[in-house]
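I have placed the structure first, in the form of structure tokens, so that the comments after it can refer back to it.
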Amino acid sequence: MLSSIWLPSAPRENARRVLLYLVCGNPGCIGFYGDFAETLRAMLDGHDKQATIAWDIYGRSLLGFGDVEEGQQPPQGLDAQIEAMYSDVAARRDSKGQAYDWVVLMGHSIGAYICLSIMERHARTTTRKANAQDLVLRHGLLLFPTIALLAESSSGRRLALARRLKLSSALAQVVVDAATWLLPRRLLLWLLTLALGMSERAAGVAAEWLASRDGVRQTLHLAGSELDHVGQDGWDSAEALWSLAADSTTPAIFMLYAKRDHWVADSVRDECVAKRGDCARIDIDQGELSHAFCTTERNSWLVAKIVDGWIAEIENGLSQGQ
């Protein structure tokens, strides 16, 4: 199973090197984002060749997804994912082995919560990691963000019911293992593509995830941890998140919501817009974009187009702010 995506910019003389770091949703398989990341890479390559910023794209799977870890590992909760992603962001270097000029975090679903958590911890000297002293985080790009009151969403309510019924993630893993063993791979791929509408690429990733040693167990364990942590909106305490980026005329945070999202209650989305519409760039799709945008080529392209527009806005704001 693919463990990371690395799509560097072509070499540019005298350009600042910037890392666009992608944080997965749940299931945390980076392979789901292949179409999206490659489309965004092509769009960024189409920017002005004289631009002063060279964007590298990197993303990795969350802990516990895939069989790359040695031996049997316990499932990892949300805090562990935040710590692991923060450490990895701080350790990233460009193709020459040098620290990036700055980093932009881009998170999908619970990945958006992870991004905000990293930015909040990094903004405070008391919670900043020792190996992250030179890390410059300028922006967060949040796609279909589950950052508050997860239990109020329709899927959150179903997940809470499953927990009350004490449905075991380990048992679910056993059931899925049996099903994937009995079902021919070709039939499974057919079900994922035709019945669920996934692209062939996403269906292949989903089949690998279902067949992996601990994929379903990890997904359900992390989902339960999300329910425990993603409660009342407490992000206002981190004032630096909701301001203009340094030396720029653009906000630090960009957000994309769906018109309807089974993981984000309308009331939670609307409250966020009311509270932060003046200090963050918030877009609400009026079409049919779904929460799991990365599972279809069309929606991957549409979201990549939106993100490309945000990045162009960041580039323009940087030049105007200096």
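Residue numbers are given in my numbering: position 256 of the sequence shown equals residue 253, and the series is strictly consecutive.
Positions of the beta carbon are idealized from the N, C-alpha and C atoms, including for glycine.
These numbers were taken from a predicted model, which means no experiment stands behind them.
Exercise for the section: Kindly indicate which three-state DSSP category Trp239 falls into: helix, strand or coil? Expected result: Numbered from its first residue, the sequence shown carries residue 239 at position 242. DSSP places Trp239 in helix when its eight states are reduced to three.
Handout entry: Bounding residues of the alpha helix (DSSP H) (the contiguous stretch that carries Met40)
Key = Taking the first residue of the sequence shown as position 1, residue 40 is located at position 43. Residues 31 to 42.
Handout entry: Cα-Cα separation, Val261 to Glu149
Key = Against the sequence shown, residue 261 aligns to sequence position 264. Against the sequence shown, residue 149 aligns to sequence position 152. Between Val261 and Glu149, the C-alpha separation is close to 8 angstroms.
Exercise for the section: Classify Val300 as buried or exposed, calling it buried when 16 or more other Cβ atoms lie within 10 Å of its own Cβ. Expected result: Here residue 300 refers to the residue found at position 303 when the sequence shown is read from its first residue. Classification of Val300: buried, given that the 10 Å Cβ count is 16 or more.
Exercise for the section: Could you tell me the distance, in whole angstroms, from the CA atom of Asp91 to the CA atom of Cys291? Expected result: Counting from one through the sequence shown, the residue named residue 91 turns up at place 94. Counting from one through the sequence shown, the residue named residue 291 turns up at place 294. Roughly 26 angstroms between the two C-alpha positions.
Exercise for the section: Go to Ile54, then tell me how far its beta strand (DSSP E) extends in each direction, as first and last residue. Expected result: By 1-based counting over the sequence shown, the position of residue 54 is 57. Where Ile54 is concerned, the enclosing beta strand (DSSP E) starts and stops at 50 to 57.
Problem - Residue nearest to Leu113 in terms of C-alpha spacing, selected from Glu310, Phe251, Phe29 - result: For this step, residue 113 is matched to residue 116 along the sequence shown. It is Phe251 whose Cα lies nearest to the Cα of Leu113.
Exercise for the section: Count the other C-beta atoms from every protein chain shown that fall within 10 angstroms of the C-beta of Gln130, then say buried if there are 16 or more, exposed otherwise. Expected result: Indexing the sequence shown from 1 puts residue 130 at position 133. Burial is judged here by how many other beta carbons sit within 10 angstroms of a residue's own beta carbon; Gln130 has fewer than 16 and is exposed.
Exercise for the section: Give the C-beta separation of Lys302 and Ile281 to the nearest angstrom, bearing in mind that I take them to be a contact with Cβ-Cβ under 8 angstroms. Expected result: Here residue 302 corresponds to residue number 305 of the sequence shown, with the count starting at 1. Here residue 281 corresponds to residue number 284 of the sequence shown, with the count starting at 1. That belief does not hold up - the Cβ atoms of Lys302 and Ile281 are roughly 16 angstroms apart, past 8 angstroms.
Practice task
On the DSSP bridge assignment, give the partners of Val20 in chain order.
Solution key: For the purposes of this step, residue 20 is identified with residue 23 of the sequence shown, where counting begins at 1. DSSP output for Val20 lists Arg57, Gly104 as bridge partner(s).
Problem - First and last residue of the uninterrupted beta strand (DSSP E) at Leu4 - result: Numbered from its first residue, the sequence shown carries residue 4 at position 7. Per DSSP, Leu4 belongs to the beta strand (DSSP E) from 1 to 4.
Practice task
State yes or no: is the C-beta of Arg321 within less than 8 angstroms of the C-beta of Trp239?
Solution key: Nothing about residue 321 can be reported from this structure: the residues present for the chain run from -2 to 319 only.
Exercise for the section: Report, in whole angstroms, the separation of the C-beta atoms of Ser323 and Asn23, which I expect to be a contact under 8 angstroms. Expected result: In the structure displayed, the chain extends from -2 to 319; residue 323 sits before or after that span and is not available.
Problem - C-alpha distance - Ala243 paired with Tyr83, whole-angstrom precision - result: By 1-based counting over the sequence shown, the position of residue 243 is 246. By 1-based counting over the sequence shown, the position of residue 83 is 86. The alpha-carbon atoms of Ala243 and Tyr83 are separated by roughly 21 angstroms.
Handout entry: Integer Cβ distance of Leu138 from Leu224, believed to fall under 8 angstroms
Key = Indexing the sequence shown from 1 puts residue 138 at position 141. Indexing the sequence shown from 1 puts residue 224 at position 227. Not a contact, Cβ separation roughly 25 angstroms.
Problem - 6 angstroms CB neighbourhood of Leu132 in its chain, flanking five on each side removed - result: In the sequence shown, counting from the first residue as 1, residue 132 sits at position 135. Only Ala87 meet the Cβ criterion.
Exercise for the section: Check whether the Cβ atoms of Asp53 and Pro8 lie closer than 8 angstroms to each other. Expected result: Translated into the one-based positions of the sequence shown, residue 53 becomes position 56. Translated into the one-based positions of the sequence shown, residue 8 becomes position 11. In this structure, Asp53 keeps its C-beta atom at 8 angstroms or more from the C-beta atom of Pro8.
Exercise for the section: Answer yes if the segment 150 to 158 comes into contact with the segment 205 to 225, meaning at least three C-beta pairs across the two stretches below 8 angstroms, and no otherwise. Expected result: yes
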